[in-house]
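**Q** Per my numbering, residue 940 is the first one in the sequence shown, and the count goes up by one each step. Below you will find the structure I want to go over with you.
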Amino acid sequence: MTSSLQSSIIKKLKIASIQYQHEQFLKIRHFSDEGERFFSHQVPRYQRKFDYFFGINKNHATIKQKIKKLESTISPKDSITVRKFESEEDIKEIALKASVYFQQALEMLETSFSMTENTAPLVEYYALLQCAKGFIILDLDVEEKLFFTLHGLTQTLIEGDDQVSAYIHAKIMPLGVFSALAVREAFFIDQRTERNEPLHYENLLEYYFDEEYCPSIENVVIDNHTNPQRNYVAQSLTAFIGAWMLSNLVRYAPMKWQEILAGKENDLIKHIREFREEHLLRAFDSFLPSHVRLS
C-alpha cells in the first residue's frame, strides 16, 4: 500500500520534473525585485559556508589536486559558487538539467516502491542522488566534473570501540555530491555582536566534516536513546548517508544484507524499515526547491 508520504513525494517530484516551473522561479529570483531577499540574505550565508568548507585544509588541497589533474585553470573556490545568470535565456539550460535530474529521481523512486527489500535500497539511493543534484544546481554553480562524478562518501574501518558496527561505517570525502549537498543544505547561522562576538552560532558543516565523524549504519537509522548520534538522525544529510550505506550493503555485501533482513543477530532491520519509511522519504522533500515543496 502506498503511504500518504510516498504519494506526496511522488506528486512533488512530478512537478519538479517540469522545466517551466524552474524557469519561472529562476526568472523571478534573478530578474525581479522579489529576488532581492535571496541576494541580500541568503548569498552572504552561502559565502560563510564556502569560507568554512574551503577553510578545511583537506578539502581545499584535494580540490586543488583534482583541478590540476583535470588540467583546469579554475581556482578551488570557484568550483562551487552561488549561481548567477547574465540573461533569462541562460536560465533555460539549468532549468532543463534540473528537471531531468528530478525526472530520473521520480522514475527510480517509483521503481523502488515495486521492488523487494532485497534490492530496493540500491535504486532508492540513486533516486535520492539525482534529486539532490537537481536541488543543488538551482542555487549553486557547481563544477560537475569535480562534485558530481563521486558520491562524496567512502566505507571505512573502525576498531576498538563498543559502537563499532559489524556492517558498515561511512567517511565523508572532500569531493563528491555529498560535499556540494552539504554546502547547499546544512544549516548555518552566525549572528555576532558589534564586537564580533558570537551571539548565535550553529554550523552543521562542523558536524559532518569533523575528521572524527565516521558514523555506523546504526548511528544513522536508530532513532532512540541507545544511539549517541540520535539528535542528527532526522537531518536530511544523515538520511543521504544512510541511503548510501544501504545501497552499498545491497550491492557489495549481499550476504550481510541478507543477515540484516533475516534479523539473525539483532533487530536492526526494524530500524532500517522505519528509517526508509520516514526519514529517507522526508529527505526527498528536503531536497526539493521551495517553489516545488510549497506548491
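Cβ atoms here follow ideal geometry from the backbone N, Cα and C, with glycine treated the same way.
1) Extract the residue ranges of the beta strand (DSSP E) inside the segment 1060-1088, only unbroken runs of 3 or more that lie entirely within it.
2) Are Lys1007 and Pro1113 closer than 9 angstroms when you measure CB to CB?
3) Mark Tyr1191 as exposed unless 16 or more other C-beta atoms lie within 10 angstroms of its C-beta, in which case mark it buried.
4) Might you give, ordered along the chain, the residues of its own chain that have their beta carbon closer than 6 angstroms to the beta carbon of Pro1228, omitting 5 neighbours on each side?
5) DSSP on Asn1142, reduced to helix/strand/coil?
6) Excluding sequence positions up to five away, which residues of its chain have a Cβ less than 8 angstroms from the Cβ of Leu1200?
7) Counting along the chain, where does the beta strand (DSSP E) carrying Val1021 start and finish?
8) With distances taken from CA atoms, which of Glu1049, Ile957, Gln1069 and Gln1043 is nearest Ser946?
9) Got a sec, what are the start and stop residues for the beta strand (DSSP E) Asp1129 sits in?
10) From Ile1075, Val1039, Phe977 and Trp1183, pick the residue whose C-alpha is nearest to that of Ala1109; which is it?
11) Considering only the alpha carbon of each residue, which of Leu1220, Ser1118, Trp1196 and Glu1151 lies closest to Val1081?
12) With a threshold of 7 angstroms on Cβ separation, who are the neighbours of Met940 within its own chain once the five nearest residues in sequence on each side are excluded?
13) How about Phe1226 and Leu1067: are their beta carbons less than 9 angstroms apart?
14) Could you tell me whether the segment 1022-1036 touches the segment 1137-1150, where touching means 3 or more Cβ pairs closer than 8 angstroms?
15) Helix, strand or coil for Ile1097, going by three-state DSSP, please let me know.
16) Of the residues Leu1219, Ile1033 and Val1021, which one's Cα is nearest the Cα of Gly1073?
17) Considering only the alpha carbon of each residue, which of Phe1126, Val1039, Glu1063 and Lys1036 lies closest to Met1047?
18) Shortest alpha-carbon distance to Arg1123 belongs to which of Glu962, Ile1019 and Thr1012?
19) With DSSP as the reference, label Leu1207 as helix, strand or coil.
20) Out of Thr1093, Glu1133 and Ile957, point me to the one whose CA is closest to Ser1186's CA.
21) On the DSSP letters alone, give me the boundaries of the alpha helix (DSSP H) that Ala1222 sits inside.
22) Give the single residue among His980, Asn1142 and Glu1083 whose Cα lies nearest to the Cα of Asp990.
23) Throw me the rounded Cβ distance for the Val1021 and Tyr985 pair, which I believe falls under 8 angstroms.
**A** Concretely, from the data shown:
1) Here the runs fully enclosed are 1079-1081.
2) Not in contact: Lys1007 and Pro1113 (Cβ atoms no closer than 9 angstroms).
3) Under a 10 Å Cβ-count criterion, Tyr1191 is classified as exposed, with fewer than 16 other Cβ atoms of the shown protein chains found around its own Cβ.
4) Same-chain partners within the cutoff: Leu1077.
5) The answer is strand: DSSP assigns Asn1142 an E or B state.
6) Listed in chain order, the non-local C-beta contacts of Leu1200 below 8 angstroms within the same chain comprise Glu1056, Asn1057 and Ile1208, local neighbours out to five positions each way being set aside.
7) It spans Ile1019 to Val1021 - the beta strand (DSSP E) in which Val1021 sits, taken as one unbroken run.
8) Per the Cα distances, Glu1049.
9) Taken as a continuous stretch (DSSP letters only), the beta strand (DSSP E) holding Asp1129 covers Phe1127 to Arg1131.
10) Per the Cα distances, Trp1183.
11) Minimum Cα distance to Val1081 is reached at Ser1118.
12) Residue placement at Met940 cannot be trusted, given a pLDDT of 41 that sits under 50; what the coordinates show is reported in the next sentence. Within the same chain, Met940 has no close Cβ partners at all.
13) The criterion of a C-beta distance shorter than 9 angstroms is satisfied by Phe1226 and Leu1067.
14) Three or more Cβ pairs closer than 8 angstroms define a contact, and the segment 1022-1036 falls short of that threshold against the segment 1137-1150.
15) Under the three-state reduction of DSSP, Ile1097 is assigned to coil, being neither helix nor strand.
16) With distances taken between CA atoms, Gly1073 lies nearest to Ile1033 out of Leu1219, Ile1033 and Val1021.
17) Considering only alpha carbons, the answer is Glu1063.
18) Nearest to Arg1123 by C-alpha distance, out of Glu962, Ile1019 and Thr1012, is Ile1019.
19) In the three-state reduction of the DSSP assignment, Leu1207 falls in the helix class, which pools H, G and I.
20) Distance from the Cα of Ser1186 is smallest, within the candidate group Thr1093, Glu1133 and Ile957, for Thr1093.
21) First-last of the alpha helix (DSSP H) with Ala1222: Leu1220 to Ser1225.
22) Sorting His980, Asn1142 and Glu1083 by C-alpha distance to the C-alpha of Asp990 places Asn1142 at the top.
23) Beta-carbon to beta-carbon, Val1021 and Tyr985 are separated by about 5 angstroms, close enough to satisfy the 8 angstroms threshold.
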